[in-house]
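*Asks:*
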Amino acid sequence: APAAGAAASAAAVVPDADMTDADTHVPEGAGAGAASDAPSTSAAVRYTDENTAYVKGLQPGVQDAELRALFEPCGGLAGVRPVRDPAGACRGFAYVEFDSEGSLAKAIELHGTDFQGRRLLVAKSDPRGRGG
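So that you can map any letter, position 58 of the sequence shown is 46 in our numbering, and since no number is skipped, the others follow by simple counting.
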């Protein structure tokens, strides 16, 4: 039988089909007039997604702290980026960044977990347009 890690990583890459050019990664509370640690440039922030999980199936009211609490046990949590609409509601998906492949692999093991009454899809982020 193949190693569980190899099978999980092969099945865990899904295109981020919900992501469009219009989507933005806005930190919670960083709407108009809010103080933010984000750079003050108007250019979109680019992420490498090297050790990033794509998480789908989130409730509109999910808070950044709730996502951090879910993924902190995986270790090496570098940040959570729920994609929000202009009103601040989560659009149902997020990107969760880790500092290592090992932490990302532990996060992917949460695929199928019930979180706030919904079953989560958790996979390695594979943004459109990167090829491969």
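Positions of the beta carbon are idealized from the N, C-alpha and C atoms, including for glycine.
#1: On the premise that GLN47 lies in contact with ARG106, defined as a C-beta separation below 8 angstroms, what is that separation, rounded to the nearest angstrom?
#2: Whole angstroms are fine: how far does the CA of ASP37 sit from the CA of PRO115?
#3: Measuring only the C-alpha atoms, how far is PHE86 from ALA57?
#4: Take GLY63 and list the residues in its own chain whose beta-carbon comes closer than 6 angstroms to its own, dropping the five residues that flank it on each side.
#5: In three-state terms, what does DSSP make of ARG79?
#6: Does the beta-carbon of ALA82 have 16 or more other beta-carbons within 10 angstroms, so that it is buried, or is it exposed?
#7: From which residue to which residue does the alpha helix (DSSP H) around ASP52 run?
*Replies:* Taking the definition as stated:
#1: The residue labelled residue 106 in the question sits at position 118 within the sequence shown. The residue labelled residue 47 in the question sits at position 59 within the sequence shown. A Cβ-Cβ separation of about 6 angstroms places ARG106 in contact with GLN47 under the 8 angstroms criterion.
#2: Here residue 115 is taken as the residue at index 127 of the sequence shown, counted from 1. Here residue 37 is taken as the residue at index 49 of the sequence shown, counted from 1. Between PRO115 and ASP37, the alpha-carbon positions lie close to 8 angstroms from each other.
#3: Translated into the one-based positions of the sequence shown, residue 86 becomes position 98. Translated into the one-based positions of the sequence shown, residue 57 becomes position 69. When rounded, the distance between both Cα atoms is 14 angstroms.
#4: For this step, residue 63 is matched to residue 75 along the sequence shown. Non-local C-beta neighbours of GLY63 in its own chain, meaning closer than 6 angstroms and more than five positions away in sequence, comprise SER91, ordered along the chain.
#5: In the sequence shown, counting from the first residue as 1, residue 79 sits at position 91. ARG79 falls in the strand class under three-state DSSP.
#6: Counting from one through the sequence shown, the residue named residue 82 turns up at place 94. By the neighbour-count rule (16 or more Cβ atoms within 10 Å), ALA82 is buried.
#7: Against the sequence shown, residue 52 aligns to sequence position 64. Start and end: 52 to 59.
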